[in-house]
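**Q** One structure is given below, represented as structure tokens, and several questions about it will come after.
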Amino acid sequence: MTESSLVTDRRRAADEHTPANCTPDSRSVAVRLAALSHPARIEILKHLSASRSCCCREVVEHLDLAQSTVSQHLKILVEAGLIRFEPDRQRSRYELDRAALADVSASLAALVDSCCSGR
14 MTESSLVTDR RRAADEHTPA NCTPDSRSVA VRLAALSHPA RIEILKHLSA SRSCCCREVV
74 EHLDLAQSTV SQHLKILVEA GLIRFEPDRQ RSRYELDRAA LADVSASLAA LVDSCCSGR
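Per this note's numbering, the sequence shown starts with residue 14, numbered consecutively.
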């Protein structure tokens, strides 16, 4: 079973156990935090933040992981909306979605603030 199918299976299981009154924002943050739950994906985000955009091969060289592994991690980050994919026959490019990452940060900060203030 691939990691991408595991993520899909986890999402399905999470949907079955998600409260009916769960807000769309909570679902979105949960999906994005799940995508951030692997060290390689954190490193990919760091690498993308240091460049305007890059292709899969550049990420492979930077992380020294198999191309198939990097492709799976990139797919998960794209599906979570944390990075953008620009297809090109010769060299498809990936770019960090800084606004999406800022949204996750703001949502997480609001959650921590809410939990820590006892509200």
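The C-beta atom is built at its ideal place from N, Cα and C for all residues, glycine as well.
Fair warning: this is a prediction, and the values are worked out from it, not measured in the lab.
What is the DSSP secondary structure of R65, reduced to helix, strand or coil?
**A** In the structure shown, R65 sits in coil (DSSP, three-state: anything other than H, G, I, E or B).
**Q** Between S118 and V42, how many whole angstroms is the CB-CB distance? I'm expecting something under 8 Å.
**A** About 10 Å; that fails the 8 Å criterion.
**Q** Whose CA, out of G94, F98 and C129, lies closest to the CA of A47?
**A** If we check each option's Cα against that of A47, G94 comes out closest.
**Q** Is the stretch 84-93 touching the stretch 47-59, taking contact as three or more C-beta pairs under 8 Å?
**A** Segments in contact, yes.
**Q** Give the straight-line distance between the Cα atoms of L61 and V125, rounded to the nearest whole angstrom.
**A** If you take the alpha carbons of L61 and V125, they lie about 27 Å apart.
**Q** Just list the residues that DSSP pairs L109 with in beta bridges.
**A** In DSSP, L109 forms a bridge with I96.
**Q** Name the residue from A112, T82 and A115 whose alpha carbon lies nearest to the alpha carbon of V73.
**A** Of A112, T82 and A115, the residue nearest in Cα terms is T82.
**Q** What's the gap between the Cα of H30 and the Cα of R45?
**A** Their Cα atoms are separated by approximately 18 Å.
**Q** For C128, which three-state DSSP category applies?
**A** C128: helix per DSSP, three-state reduction.
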